[in-house]
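Residue numbers (this note's numbering): 435 to 671. Heads up, the beta-carbon is just placed ideally off N, CA and C, and yes, glycines get one too. What follows is a short report on a single structure.
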Amino acid sequence: MTIRERFLALHARREDMIKVIISSSQVEFDLPREALATTSRIWSRRFGLSQSKRGGATPTPCREYRADNFSLPAFCDYTNWLYSGKILQYSHNGVSYAIDSAARRLVEALGFALKMEAESYQHAALQELFHLGPHLETPEDYADSIFSTMGNIYNPEECGSNPRRAARKWKPHPACWLIVAIVAAKREGPARDPIQYEKIHDKDFIRMFSWWYGCKEGQKMGGCQYPGTLTEALMGV
C-alpha cells in the first residue's frame, strides 16, 4: 500500500486524528497521526507513544500541534502530496511564470522535507524538480536558494556513524547535485549560452559544476546532456 493509499484509508476512518494549526495564519488541518508519524521522523518522535509505553505510564496522545516553524503554502503542498501523491497539482503548460512558481514551491518543499526529516516527501520533491528541470529557462536563478536552504548534510558513512567525532564528514544535499545537473545540461556548449555566474554566489556550486562538467566530458562532448533518470542526476551523492 502506498503512502497516499494508506493516508486516504486512515483519513476516511477519521480515527486518531491530530489537529495541526499553522501559527502564522491560524489555519487548521485534521490529519491522521499515523500518516504524520510515518512520513516524518520529527513527527514520529513527537506523536509516537513508545517513550510512554517503555516508562510504564499510560500514554496521553497528542491531539493538537501548533506549527510555528513553517509556512502555510509549504504545509499545503505537503498535504496535497499526502492526498494525491503529487506536490504540484497543476501543469505549468509551458507558461514561464507558472514554471518559475512551480520551481520555487519545490525548493520550499525540499526545505520543508529537510526540516521535518521527511525522506519520502524529499524524494517526491526531487523527482518533480527533475521533471521540471528541462523547462527552466534560467536554472541559475534557483541555485543559490537551493544551496542556502539545503547546503551540506552529515554523512555517517565516512565517520563511522559517530556524529560526535570532532572531524565530521559532510556531503552536499542531493538537491544541490540536481540543480548542478540541470544547469550543466542547459549551459556551456555549441549553440548554448554560457553559465550565468553573476546569478550564483555559492562557491560550492562552482566547484561541483566544474567536477560534474569534467566527469560528464562536457568539453569533449560539446556540452552535457540532461540526465536520463533522477539517479543519474544524483551521481555525485
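Closest residue to residue i among the options (Cα-Cα distance)
| i | options | result |
| --- | --- | --- |
| A511 | E551, Y555, S525 and S474 | First, the residue type needs correcting, since residue 511 is Asp and not Ala in the sequence shown. The shortest C-alpha separation from D511 is found at Y555. |
| W672 | E498, R440 and G648 | The chain is shown from 435 up to 671; residue 672 falls before or after that span and cannot be answered. |
| L544 | G528, P507, N527 and A532 | P507 |
| C649 | S579, D627, L668 and G528 | L668 |
| E553 | M584, L522, I521 and S474 | S474 |
| R447 | S459, E468, Y531 and Q561 | E468 |
| F463 | H445, S478, R438 and T472 | H445 |
| R539 | K520, E551 and N527 | K520 |
| I456 | Y517, T513 and V617 | T513 |
| D636 | E622, P606 and R626 | P606 |
| T665 | D627, F639, Q561 and P628 | Q561 |
| V617 | F643, E632 and P624 | F643 |
| H526 | D627, T583, H565 and W645 | H565 |
| A501 | R621, V461 and Y517 | V461 |
| R641 | P661, F546 and W611 | W611 |
| L522 | Y531, L563, G528 and F546 | L563 |
| L442 | S458, H557 and S518 | S518 |
| A547 | I629, T583 and P628 | T583 |
C-beta contact flag for residue i and residue j at 8 Å
| i | j | result |
| --- | --- | --- |
| L465 | F481 | no |
| C658 | A619 | yes |
| N503 | K453 | no |
| A537 | Y576 | yes |
| V541 | S505 | no |
| I634 | P573 | no |
| E551 | I476 | yes |
| W646 | A615 | yes |
| F581 | F509 | no |
Those residues which DSSP pairs with residue i across a bridge
| i | result |
| --- | --- |
| V454 | F463 and Y499 |
TODO: Check whether the stretch 494-504 touches the stretch 567-585, counting contact only when three or more Cβ pairs, one atom from each stretch, lie closer than 8 Å.
DONE: With the cut-off at 8 Å, the stretch 494-504 and the stretch 567-585 do not touch.
Open item on the list: Just to confirm the assignment: which complete alpha helix (DSSP H) runs, minimum length 4, are found wholly within the stretch 531-587?
Closed with: Whole alpha helix (DSSP H) segments, 4+ residues: 553-566 and 577-584.
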